[in-house]
Amino acid sequence: MIRLIMVSITRFSDLKRLRNTGKWILVYGRRKVGKSYFIRSSISYDRYYFIGRSGSIFADDSTLSYESFKRESIQCLERDETVVIDEIQRLPEEFLDLLHKAGVRGRLITISSTLWLTKELIGKSSPILGLFSDFKMGLIDERDILINLRDKIRDKKKLVEYSIFLREPWLIPTWERAEDFFKALPSTVKLTVPSLIGEIFTEEERMYSRVYDGILKAVADGKQVSTEIASQLYSLKLIPAQDPSLVHPYLRILEGIGILEKVKLYGKNKYYYRNVSPVIDYYYYLDAKYGISEREFQEDQAEKVLVERIPHYVEQFVAKLLSRTMGLWYEKIVERDYEVDIALTDFRKLIAVVEVKWRRSIEESELRSMEEKLARFPCKRIIFVPRKEDLPKEPEKAEVWDVDDVLSYENFKFNSF
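Just so we're aligned: 61 in full-length UniProt numbering is position 61 of the sequence shown, and the numbers increase by one with no gaps anywhere.
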């Protein structure tokens, strides 16, 4: 059982990036990734303005008229002060003209929850083109969540598994108060993910249609290439033909707003799609298999499914973790007679291949099989496990890593801070 009063996550990687931005910054990203909290806790500011959906402007405990806000914010910048404007896209367009006229004075941090509107703000026709450094925020960096939690979770297997889900900042309070986080997770996800997705599309000013829903379910259910996704949607009569070109616009939008990501297949001009957030993926997997959006679900069954899905999420987590730690791209190897979980590349050069085996007990025959599969590649070969001390033997043709090896990797701390 883990009980903590309060956990404050320091986003070292984002702090490092923030130090290398200009005086005016446009912070953007998906809903509920912690943008506002990050800025409030990382920046010493003179004025913080929040723009409500109705256009109301809040500063501390007061509400300002638009005219008062215009005058006050520009005067602050002219005095070389630091101003934060949260949800800037909700302001009238004329405010951008005013910023352009004022020029880069003082320090201005703007926050937008919408990738699409953010692109409009810094688009070719925008009056503020060239004035802002853009700063994209996503889920908490894999390295950062491990650094923050490693002193609180001593079990190496649980450290990785909890870190996977706690990259979503809104889940941290659930973890703090739950006696068993994984027992609490299914009901929390069922309640929160639909509203989160709805918020994302509301902010994007796009209708969340059955096509988007069908794509997210298909990807969670293992249909990861556009041809498979198109086939699934066509079978559900969501598109008029079994044509991948019909789903590409939807895939681009889902990728652009940070819900889907593409993973390149090594040596091929082909990509796999997958859900960026394991939490969102878990919800849509449950919905694809058990229809949880339309009926009650058994919590024991949902927890069992979670345990089954965790190795898949560990593979995704480890791929990004190693990629960022080692400064390489992550890809996947898929051939007719075998697959390799992770390929780490430097442009086209294969630097390392990695197999993830997420079980406490691994048979010697399984270890030998993985070792032989990786041995066909003349590069660094890694088998990633929960605890390497639990292995029956040390392989001869591959290195065995667990999370401690990543945490002690020579570039880990340097790349994280």
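Note that the Cβ used here is the ideal one computed from N, Cα and C, for glycine as well.
{"query": "Residues near Ile5 in its chain [Cβ-Cβ closer than 8 Å; skip 5 each side]", "result": "Residue confidence for Ile5 is low, a pLDDT of 45 falling below 50, so the modelled location carries little weight and cannot support an answer."}
{"query": "DSSP three-state assignment for Asn148, whether helix, strand or coil", "result": "helix"}
{"query": "Contact set for Ala184: own chain, Cβ-Cβ below 7 Å, skip 5 residues either direction", "result": "Thr174, Ala178"}
{"query": "Own chain partners of Ile362 with C-beta closer than 8 Å, once the 5 adjacent residues on each side are dropped", "result": "Val385, Asp390, Leu391, Pro392"}
{"query": "Reduced DSSP category for Gly198 - H, G, I as helix; E, B as strand; rest coil", "result": "helix"}
{"query": "First and last residue of the uninterrupted alpha helix (DSSP H) at Val276", "result": "Per DSSP, Val276 belongs to no alpha helix (DSSP H) and is neither H nor E."}
{"query": "For Val27, three-class secondary structure by DSSP", "result": "strand"}
{"query": "CB of Ile383 within 8 Å of CB of Met370, strictly", "result": "yes"}
{"query": "Cβ neighbours of Glu78 in the same chain (closer than 8 Å, five flanking residues each side left out)", "result": "Ala102, Arg105, Gly106"}
{"query": "Start and end residues, beta strand (DSSP E) containing Val334", "result": "329-334"}
{"query": "Glu315 versus Glu67, Val354, Asp300, residue with shortest Cα-Cα distance", "result": "Val354"}
{"query": "For Ile51, the nearest candidate out of Lys157, Trp24, Lys270, Phe95 (CA to CA)", "result": "Phe95"}
{"query": "C-alpha gap between Leu171 and Gly34, whole angstroms", "result": "11 Å"}
{"query": "Straight-line gap, Asp264 to Lys158 (C-alpha atoms, nearest Å)", "result": "Note on residue identity: the sequence assigns Lys, not Asp, to residue 264. Distance between the alpha carbons of Lys264 and Lys158: 29 Å."}
{"query": "Candidates Ser226, Leu260, Pro169: closest to Ile9 by CA position", "result": "Pro169"}
{"query": "Separation of Asp141 from Lys223, as counted between CA atoms", "result": "26 Å"}
{"query": "Other residues of its chain near Val193: CB distance less than 7 Å, five sequence neighbours each side excluded", "result": "Val279, Ile280, Tyr283"}
{"query": "Burial state of Pro249 (16 or more Cβ within 10 Å)", "result": "exposed"}
{"query": "Residue burial classification, Leu146 (beta-carbon count within 10 angstroms, cutoff 16)", "result": "buried"}
{"query": "Thr10 (DSSP reduced to helix, strand or coil)", "result": "coil"}
{"query": "Anticipated Cβ contact below 8 Å, Asp46 with Val7, distance rounded", "result": "Actually they are not in contact, since the Cβ atoms of Asp46 and Val7 sit about 29 Å apart, beyond 8 Å."}
{"query": "Stretch pair the region 287-307 + the region 320-337: three plus CB contacts closer than 8 Å", "result": "no"}
{"query": "Burial state of Leu149, where buried means 16 or more other Cβ atoms lie within 10 Å", "result": "buried"}
{"query": "Secondary structure of Cys76, DSSP reduced to three states", "result": "helix"}
{"query": "Exposed unless 16 or more other CB atoms sit within 10 angstroms - verdict on Leu129", "result": "exposed"}
{"query": "Helix, strand or coil at Arg154 according to DSSP, with G and I counted as helix", "result": "coil"}
{"query": "C-beta atoms of Ile88 and Ser73 nearer than 8 Å", "result": "no"}
{"query": "Cα-Cα separation, residue 505 to Arg17", "result": "Only positions 1 to 417 of the chain appear in the structure, and residue 505 is not among them; the question remains open."}
{"query": "Classification of Phe347 by the beta-carbon crowding that lies within 10 angstroms, buried from 16 upward", "result": "exposed"}
{"query": "Glu294, enclosing beta strand (DSSP E) - first and last residue", "result": "Glu294 -> no beta strand (DSSP E), and no H or E assigned at all."}
{"query": "Reference Thr21; option with closest CA among Ser36, Val356, Ile43", "result": "Ile43"}
{"query": "Pro240 burial status per 10 Å Cβ neighbour count (16 or more: buried)", "result": "exposed"}
{"query": "Euclidean distance between Cα positions of Asp337 and Gly29", "result": "39 Å"}
{"query": "Beta-bridge pairing of Arg107 - partner residues as DSSP gives them", "result": "Thr82"}
{"query": "Beta-carbon gap between Tyr272 and Lys357 smaller than 8 Å", "result": "no"}
{"query": "Candidates Lys237, Lys70, Asn275, Ser231, of which the one nearest Arg252 by Cα", "result": "Asn275"}
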